[in-house]
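To get my numbering, take the position in the sequence shown, counting from 1, and add 65.
Think of the CB as a built atom: it goes at the ideal place given N, C-alpha and C, for glycine as much as any other residue.
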Amino acid sequence: MPDSLSPPPRRLDAAASTGLPTRSANGRRLPMMMARRQLALLAAIALLATTSTAIAAPLTLEGAYRLALKNNTKILIARQRLIRAINYRRVIRSRLLPSLTGSMEYTRFRQEQSFDPSSFAPTGVNIPGGKITIVPVNQFLLKARVGYLFDPSLVPLVQNVKNNIELTRNTNKEEQLQILLQVAQMYYQGLLAQQAIELNTRRIAYHRDHQKLAELRHKHGVGQKFDIIRIQIEVENAKRDLQTAKHALELAKQSLSIFIGGPQTFDLVRPAPPKEPSKELEDTMTSLRLAWSERPGITAARFGIRLAKRNILETWLKFAPTLNIGFNMSYNTQNTGFSNQQFDWNFMVVLSFNFYDGGMRYAELRERESLLQEARIKLDETRAVIANDVAAARKQLADAVKSLESSTKVLALAKQNLSLVQEGYKLGSVTNNIMLDAVNAVVNAEIGIVRDRLQRELSLLNLQRALGTFKPF
66 MPDSLSPPPR RLDAAASTGL PTRSANGRRL PMMMARRQLA LLAAIALLAT
116 TSTAIAAPLT LEGAYRLALK NNTKILIARQ RLIRAINYRR VIRSRLLPSL
166 TGSMEYTRFR QEQSFDPSSF APTGVNIPGG KITIVPVNQF LLKARVGYLF
216 DPSLVPLVQN VKNNIELTRN TNKEEQLQIL LQVAQMYYQG LLAQQAIELN
266 TRRIAYHRDH QKLAELRHKH GVGQKFDIIR IQIEVENAKR DLQTAKHALE
316 LAKQSLSIFI GGPQTFDLVR PAPPKEPSKE LEDTMTSLRL AWSERPGITA
366 ARFGIRLAKR NILETWLKFA PTLNIGFNMS YNTQNTGFSN QQFDWNFMVV
416 LSFNFYDGGM RYAELRERES LLQEARIKLD ETRAVIANDV AAARKQLADA
466 VKSLESSTKV LALAKQNLSL VQEGYKLGSV TNNIMLDAVN AVVNAEIGIV
516 RDRLQRELSL LNLQRALGTF KPF
C-alpha cells in the first residue's frame with residue numbers, strides 16, 4: 066500500500082494511555098489540562114492506597130524486652146523510685162556542709178540623732194570634733210553568716226543512703242525480671258497461636274483435596290454422599306479452629322503491644338531456644354546456693370538488714386551532743402556611732418546537750434530494733450520463697466520435658482497411622498471416617514508438640530529467673 070493511503074499515526078496522550086475518558090458526554094474532546102489533572106488524581110489515589118496499607122515489621126523477643134524496659138509503666142515507676150533514692154543522697158550531703166547566709170537592711174528614721182560635745186563645754190572653751198552623728202536618717206546594714214552544725218546522728222545517714230539506693234536498685238531489678246518473663250509468656254502465646262494458624266490452614270487444604278477426591282468417587286458411583294458431608298463438617302470445624310487461632314493471635318499481639326508500649330502491627334519471630342542448665346545445677350543445694358547468691362531479691366533483703374542496723378546507730382548517736390559553729394560579719398554604711406567603726410564580726414561555738422526529750426529517742430530505738438528483726442525475718446522469707454521458686458521451676462521443666470517426649474511419640478504414631486490409612490484408603494479397605502480421624506490426629510499431635518516445645522522453652526526461662534541467671538540480653 067502506498068504511503069499516501071496509509072492511515073495517519075494515532076496520537077497517544079496521557080489520558081488515552083491510562084484509559085481515562087478523553088471526550089465529554091456530548092462527544093467533544095476534553096482539554097489536555099483536564100486529562101492531566103485526572104491522571105494526577107489517579108496517581109495520588111494509588112499512592113494513598115499503597116501507603117495506607119500497614120506493613121508489619123518483625124518484632125523479636127529481644128526487641129520486645131527492650132520496648133518493655135523503655136515503655137512499661139511499672140518499670141518506669143520503679144525507675145522514678147530509684148531516681149528519688151539517688152537524689153536523697155544529695156539532701157543528706159547538704160546537711161553535712163556549712164551554710165552561708167546574707168542579708169541587707171535599709172532603715173529610714175524620722176530625724177537624725179546626733180550629739181554635739183561643744184554645746185556642753187563651758188563658755189570660752191573650744192572642743193574640737195564638731196557634731197557626732199549617732200543615728201542618721203538613712204541607714205544601710207549588710208550582714209553575712211557562715212554556720213556549721215555537726216550532728217553525729219547524720220553520719221550513719223550517709224551510709225544509709227547508699228544502702229537505700231542498692232535496696233531500691235535490686236528490688237527494681239527483681240520486679241523488672243518478673244515483668245520480662247511476663248513479656249516472654251505473652252510472646253510465646255502469640256507464637257503458639259501463629260503455629261496453630263499454619264497447621265489449621267494446612268488441615269483445611271488437605272480436607273478440601275480429600276473432598277474433591279470423595280466427590281469424584283461419588284460421581285463414578287464408588288463413594289457415598291455421607292462421606293462428602295462428613296468431610297464438609299471437618300472443613301467447617303477446621304475453619305472454626307482457624308478463626309479461633311487468629312483471634313488468639315490478635316489478642317496476644319494486642320496484650321503484648323499494650324504491655325510493652327510497642328507498635329500495634331508486627332510479626333512474631335521464633336526466638337532461639339534458651340540454654341540448657343548445667344548438670345551441676347541438678348543438685349538441689351548447688352542450685353539453691355546459686356539462687357541465693359544471684360537473685361536480686363535476696364540482695365535487696367540483705368541491704369534491708371544493713372539499712373535497719375544503720376538506723377539503730379543513728380538513734381544511738383542522737384544521745385551525743387551537737388556542735389554549732391558560727392561566724393558573723395556586718396557592715397554598716399552610715400551608723401558609725403561612738404566607736405567610729407563600720408565593719409564588725411564575731412565568732413561563736415555552741416555545744417548543745419539534749420538531756421531529756423520526753424522519751425522520744427528511746428521509743429524510736431525500740432521501733433527501729435523491731436524493724437531490724439522484721440528485716441531479718443524478711444531475709445528468711447525471701448530465702449524460702451526463692452527455694453520454692455527453684456523447686457517449682459524444676460518441677461515445671463521436668464513436666465514440660467515429659468510432655469514433649471510424649472507428644473513426640475504421639476506425633477510419630479499419628480504419622481505412621483496416617484501413612485497406613487492412606488494406603489488402605491487407596492485400596493478401598495479403609496472408610497472415609499477413619500481417614501478423617503487419622504488426619505485430625507496428625508494435626509492435633511502437631512499442635513500438641515508445638516505447644517509442648519514452647520512450654521519447655523518457657524520453663525527454661527522460668528528456671529533461669531528462679532536461679533538468678535536470666536539474662537534477657
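#1: Grab me the residues of Arg-371's own chain with a C-beta within less than 6 Å of its C-beta, minus the 5 sequence neighbours each way, in chain order.
#2: Rounded to the nearest angstrom, what separates Lys-536 and Ala-337 at their Cα positions?
#3: Per DSSP, which residues does Glu-170 bridge with? Please list them.
#4: Hey, how far is the Cα of Gly-158 from the Cα of Asp-216?
#5: Drop a sphere of 10 angstroms on the beta-carbon of Lys-318, count the other beta-carbons inside from all chains shown, and report buried for 16 or more, exposed for fewer.
#6: Which residues bound the beta strand (DSSP E) around Pro-123?
#7: Are Asn-397 and Leu-206 close, meaning C-beta to C-beta below 7 Å?
#8: Take Thr-351 and list the residues in its own chain whose beta-carbon comes closer than 8 Å to its own, dropping the five residues that flank it on each side.
#9: Skipping 5 residues on each side, what residues in its chain have a beta carbon closer than 7 Å to that of Thr-364?
#10: Residues in the same chain with beta-carbon distance under 7 Å from Leu-245, minus the five sequence neighbours each way, listed in chain order, please.
#11: Taking DSSP's pairing of strands, which residues face Asn-393 in a bridge?
#12: Quick check on the DSSP output: the alpha helix (DSSP H) that includes Leu-257 runs from which residue to which?
#13: Any beta carbon of chain D sitting closer than 7 Å to that of Leu-333?
#14: Would the beta-carbon of Leu-253 fall within 7 Å of that of Leu-519?
#15: Can you have a look at Ile-142 and say buried or exposed, based on whether 16 or more other CB atoms are within 10 angstroms of its CB?
#16: Per DSSP, what kind of secondary structure is Leu-162 in: helix, strand or coil?
#17: Compute the distance between the beta-carbons of Ala-258 and Leu-307, then report whether it is under 7 Å.
#18: Tell me whether Leu-478 is buried or exposed, calling it buried when 16 or more other Cβ atoms sit within 10 Å of its Cβ.
#19: I'd like the list of long-range same chain contacts for Val-507, defined as Cβ closer than 7 Å, with 5 residues on each side in sequence excluded.
#20: State whether the stretch 459-469 contacts the stretch 514-530, with contact taken as three or more CB pairs (one from each stretch) at a distance under 8 Å.
#21: Would you mind working out which of Gly-255, Arg-305, Thr-349 and Ala-279 sits nearest Ile-269, comparing C-alpha positions?
#22: With 16 other CB atoms within 10 Å as the buried threshold, where does Asp-517 fall?
#23: List the endpoints of the continuous beta strand (DSSP E) containing Gln-178.
#24: Asp-445 and Ala-121 look like a contact to me (Cβ under 8 Å); what is the Cβ gap, rounded to whole Å?
#25: Between the stretch 369-387 and the stretch 412-427, are three or more C-beta pairs nearer than 8 Å?
#26: Ala-310: which of Ile-148, Thr-266 and Asp-274 sits nearest, CA to CA?
#27: So, are the CB atoms of Arg-360 and Ile-451 less than 7 Å apart?
#28: With the cut-off set at 7 Å, would you say Leu-476 and Ala-510 are in Cβ contact?
#29: Give me the Cα-Cα distance between Ile-499 and Val-486, rounded to the nearest whole angstrom.
#30: When burial is assigned at 16 or more other CB atoms within 10 Å of the CB, is Val-156 buried or exposed?
#31: Thinking C-beta only, is Thr-233 closer than 7 Å to Arg-146?
In short, the structure shows the following:
#1: Asn-228
#2: 14 Å
#3: Residue pairing by DSSP places Glu-170 opposite Leu-206 in a beta bridge.
#4: Before going on, a small fix: residue 158 reads as Arg here, not Gly. Roughly 12 Å separates the two Cα atoms.
#5: It counts as buried.
#6: 122-124
#7: Yes, these two residues count as a Cβ contact at 7 Å.
#8: Glu-345, listed in sequence order.
#9: Asn-235
#10: Tyr-130, Ala-133 and Pro-537
#11: Arg-210 and Asn-411
#12: Annotation for Leu-257: the continuous alpha helix (DSSP H) segment containing it runs 220-284.
#13: Protein chains in the displayed structure number just one, and chain D is not present.
#14: In the sequence on display, residue 253 carries Tyr and not Leu. A distance below 7 Å separates the beta carbons of Tyr-253 and Leu-519.
#15: exposed
#16: Leu-162 falls in the coil class under three-state DSSP.
#17: no
#18: exposed
#19: Ala-479, Lys-480 and Leu-483
#20: yes
#21: Arg-305
#22: buried
#23: 178-180
#24: Contact doesn't hold; Cβ gap of about 49 Å is too wide.
#25: yes
#26: Thr-266
#27: yes
#28: Yes; because the gap between Cβ atoms is below 7 Å, this pair is in contact.
#29: 7 Å
#30: exposed
#31: yes
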